[in-house]
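**Q**
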Amino acid sequence: MLLEEDPSTLISHTTQNFNIEPDRNAVSRVAESLSTLQQARDLRLRESETNLKKLARTLNTLQSQHQEVTSSHSSAEHASLISRLDTQKFRVAKNVSDLEMETERLQTQLAEMQARLQELELQGVDGGDGTIAQTTGEGNGNGNGNGYGGWNGGGGMRSVEDEVLLRLKVYRSLGIEIEREEQDGEFTRAVVRNDRRGDVCVVNVDRHRFSRFFYANYFWQTL
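Read in order, the letters of the sequence shown are residues 1020 to 1242 in our numbering.
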């Protein structure tokens, strides 16, 4: 029965019964996706080529700089420079250590000399008071005998008093005020002021209990 029909009619009915439109749409979408992927691939490929060229130029520049540095640098000279600098460093460190030791020694010597100077100055002040009293007594005795002796005694007394006042002025410039008792006129009290620390120290001087060297050293330590 099929053979009795027209072949063209059969082909037409067969074509109509097959639904190929969805397949055609799918093929179109696949083709579009492939085209998009190809474009993206080409774009990334061009970007990669551009970056590769930039990196190549950077590499050439760095290689040139490295060659220049390498050609101008000598390992032997570098080692010699390092050795020389190390030697200088150790020499400087030794000199610094020696200077610190010498400074400590000189500071100790200075403190001893200052203490000795203070002791001698204190001895001079004590001796000056006794000299003043002795000179005053001699002047009064000579004055009773004649006028010339009294005038000579007064001149000697003024000289000793000037010396004592000068010593007291030096002490005052250092921040030390020495006070004497009103009864016997001996120096028995010292007020030591330290302007840097804002301290005031009052020291009662007892020559029978402590030596002059002890007081002189204590004064310098307080200052």
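For every residue, glycine included, the Cβ atom is placed at its ideal position computed from N, Cα and C.
How would you call residue 1167, buried or exposed, if buried means at least 16 neighbouring beta carbons within 10 angstroms?
**A** At residue 1167, the pLDDT of 37 sits below 50, so the modelled position is not reliable and the matter cannot be decided from this model.
**Q** Mind the definition here: the segment 1231-1238 touches the segment 1130-1142 only if three or more C-beta pairs lie below 8 Å; say whether that holds.
**A** Contact between the segment 1231-1238 and the segment 1130-1142 is present, because at least three Cβ pairs lie under 8 Å.
**Q** Measure the CB-CB distance between residue 1206 and residue 1215 and report whether it falls below 8 Å.
**A** For residue 1206 and residue 1215, no; Cβs fall outside 8 Å.
**Q** For residue 1088, is the classification buried or exposed, using 16 other Cβ atoms within 10 angstroms of its Cβ as the cut-off for buried?
**A** Result: exposed.
**Q** In three-state DSSP terms, what is residue 1189?
**A** Of the three classes helix, strand and coil, the one that applies to residue 1189 here is helix, per DSSP.
**Q** Quick check: what's the CA-CA separation for residue 1038 versus residue 1029?
**A** Roughly 16 Å between the two C-alpha positions.
**Q** Specify, as a first and last residue, the run of the beta strand (DSSP E) that residue 1199 falls within.
**A** Where residue 1199 is concerned, the enclosing beta strand (DSSP E) stretches over 1195-1199.
**Q** What three-state label does DSSP hand residue 1224 in the structure shown?
**A** Three-state result, residue 1224: coil.
**Q** Quick one, are the C-beta atoms of residue 1211 and residue 1195 less than 8 Å apart?
**A** Yes, the pair counts as a contact, with Cβ atoms nearer than the cut-off.
**Q** Straight-line CA distance for residue 1095 to residue 1104?
**A** The alpha-carbon atoms of residue 1095 and residue 1104 are separated by roughly 14 Å.
**Q** What would DSSP say about residue 1236, mapped onto helix, strand or coil?
**A** Three-state result, residue 1236: helix.
**Q** Residue 1071 to residue 1116, Cα distance in whole Å?
**A** When rounded, the distance between both Cα atoms is 59 Å.
**Q** Need the endpoints of the beta strand (DSSP E) that residue 1212 sits in, please.
**A** Residues 1206-1213.
**Q** Taking only the alpha-carbon atoms, compute the straight-line gap between residue 1066 and residue 1083 and give it to the nearest angstrom.
**A** Roughly 26 Å separates the two Cα atoms.
**Q** Buried or exposed: where does residue 1197 fall if 16 or more other Cβ atoms within 10 Å of its Cβ makes it buried?
**A** The residue in question, residue 1197, is buried, as its Cβ has 16 or more Cβ neighbours within 10 Å.
**Q** So for residue 1025, helix, strand or coil by DSSP?
**A** It is coil, neither helix nor strand.
**Q** Given that a residue counts as buried once 16 or more other Cβ atoms are within 10 Å of its Cβ, and exposed if not, what is residue 1056?
**A** Flag for residue 1056 reads exposed.
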